[in-house]
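With this note's numbering, you'll find the sequence shown wraps up at 223, consecutive numbering, no jumps.
Virtual Cβ for every residue (Gly too), placed ideally from N, Cα, C.
Some notes on the structure that comes next.
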Amino acid sequence: MIRRWSEERTRGKVLENGCGVGEYLAWLGEEAAFAVGIDVEFSRLVEAKQKNRNLVCAVGEALPFKRIFFDLVLSNEVIEHVHDDRQAITESMAVLAEGGRLALFCPNRGYPFETHGIFIRGEYRFGNKLLVNYLPKEWRNRLAPHVRTYNRADLRRLFAGLPVTVVFRTTIFGAYDNIIQRRPAMGKLIRTVFQSLEKTPLKFFGLSHFWVVEKKVL
6 MIRRWSEERT RGKVLENGCG VGEYLAWLGE EAAFAVGIDV EFSRLVEAKQ
56 KNRNLVCAVG EALPFKRIFF DLVLSNEVIE HVHDDRQAIT ESMAVLAEGG
106 RLALFCPNRG YPFETHGIFI RGEYRFGNKL LVNYLPKEWR NRLAPHVRTY
156 NRADLRRLFA GLPVTVVFRT TIFGAYDNII QRRPAMGKLI RTVFQSLEKT
206 PLKFFGLSHF WVVEKKVL
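Below is the structure:
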């Protein structure tokens, strides 16, 4: 999906904003003219260095790169964790060249589970928590203050006033790799069934938003 909707921009100058241990960055580096990743967690970058040496420890709200430079920025399940998501999006657009694209994945509030766990009376409870994201936002944010979820209106507000055009947007289900690793046949069946829903109105319940936006030529 990233390759398809980047329309060859994966072959240019690429930034992964929040690269973690570098799996996606390694793939991007195979075909990009230049690929660099940032992450706020230094320990993850140490691991990522085994796959790609172009790494910077930094935050998405203050990218240490030349403005109007990259052809593609990838943000994969990152903006929900940053201190200021609007500033992180603004920075991504600032380092993009005119005609460059941002490929953004982030949690969908319509997904029936909160996948990052919750806090109850100050104690963290790990795991998928059913229907937390369907609570009124104030209640939901008290239970999960450490992570955001988004609906379409939230994402439109993030990009409001920025010089962008939305090229593509949809909602996707997961790959269910953890289940496949434990129970291959069952896991693959679950993946097939749920990913087939991406072509129906039931994609509303998908795990993540996938948006591709292009920086306008001014």
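Bridge-paired residues (DSSP) for residue i
i	result
Tyr116	Per DSSP, none; premise fails for Tyr116.
His214	Cys111, Thr176
Asp182	According to DSSP, Asp182 bridges with nothing at all.
Lys134	Glu119
Asn22	Ile43
Leu101	Phe75
Contact belief for residue i with residue j at Cβ below 8 angstroms, rounded distance in angstroms
i	j	result
Thr154	Asn133	The Cβ separation is near 13 angstroms, so there is no contact.
Thr175	Lys208	7 angstroms
Phe74	Ala102	6 angstroms
Gly17	Ser80	Actually they do not touch by this definition, with Cβ atoms about 17 angstroms apart.
Glu66	Val87	6 angstroms
Residue burial classification, residue i (beta-carbon count within 10 angstroms, cutoff 16)
i	result
Asp44	buried
Tyr29	buried
Ile125	exposed
Asn183	exposed
Lys204	exposed
Arg147	exposed
Phe164	buried
Interface flag, residue i vs chain B, CB-CB below 9 angstroms
i	result
Lys221	Going by chain labels, chain B is absent from the structure shown, which holds only one protein chain.
Beta-carbon proximity list for residue i, same chain, < 7 angstroms, skipping 5 on both sides
i	result
Arg72	Ala99, Val100
Lys193	Ile185
Gly34	Ala40, Asn57
Gln92	Glu66
Close-in-space but distant-in-sequence residues of the same chain around residue i (CB under 6 angstroms, 5 per side omitted)
i	result
Glu119	Lys134, Val137, Asn138, Ala149
His121	Val152
Gly115	Phe209, Phe210
Val41	Leu20, Asn59
Gly179	Leu212
Ala63	Ile43, Pro69
Close Cβ partners of residue i (< 8 angstroms) along its chain, the five nearest in sequence each way excluded
i	result
Val217	Trp10, Ser11, Arg106, Leu107, Ala108, Leu109, Val171, Val172, Phe173, Arg174
Leu167	Ile94, Thr95, Met98
Write down every uninterrupted run of the alpha helix (DSSP H) in the segment 26–80 whose length is 4 residues or greater and which is fully enclosed by it, in chain order.
28–36, 47–53
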